[in-house]
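Heads up: the structure comes next, in structure tokens.
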Amino acid sequence: MIKLSRLRRLYRDTEWPCLILYVLYAVIITIVLTVCGVIVVLGVGFLRWAWKLWG
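Take the sequence shown: its letters are residues 49 to 103, numbered as in the working numbering.
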């Protein structure tokens with residue numbers, strides 16, 4: 049396991065820490081939005097199917 053101090057030193061030595069953070073945030077946001085979109089689509093599809101089944 050990497051020690052936090054070594055990780056921090058590596059982070060300080062990196063030329064573009066801000067760029068790495070931006071990329072990381074962009075990836076996380078993209079994944080979250082994708083997951084939310086899939087859940088919404090599945091939820092709407094299920095609701096329509098349930099409406100047809102019981103309605």
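Virtual Cβ for every residue (Gly too), placed ideally from N, Cα, C.
Rounded separation between residue i and residue j - CA only
{"i": "Leu-21", "j": "Arg-56", "result": "Because the chain in this structure spans residues 49 to 103, residue 21 falls outside the shown range and cannot be described."}
{"i": "Tyr-70", "j": "Gly-103", "result": "47 angstroms"}
{"i": "Ile-77", "j": "Ile-87", "result": "15 angstroms"}
{"i": "Val-80", "j": "Val-89", "result": "14 angstroms"}
{"i": "Phe-94", "j": "Leu-52", "result": "45 angstroms"}
{"i": "Val-83", "j": "Val-92", "result": "14 angstroms"}
{"i": "Arg-54", "j": "Lys-100", "result": "59 angstroms"}
{"i": "Ala-98", "j": "Val-75", "result": "34 angstroms"}
Contact with chain B by residue i, beta-carbon distance below 8 angstroms
{"i": "Leu-90", "result": "The chain inventory of the structure shown lacks chain B, comprising one protein chain alone."}
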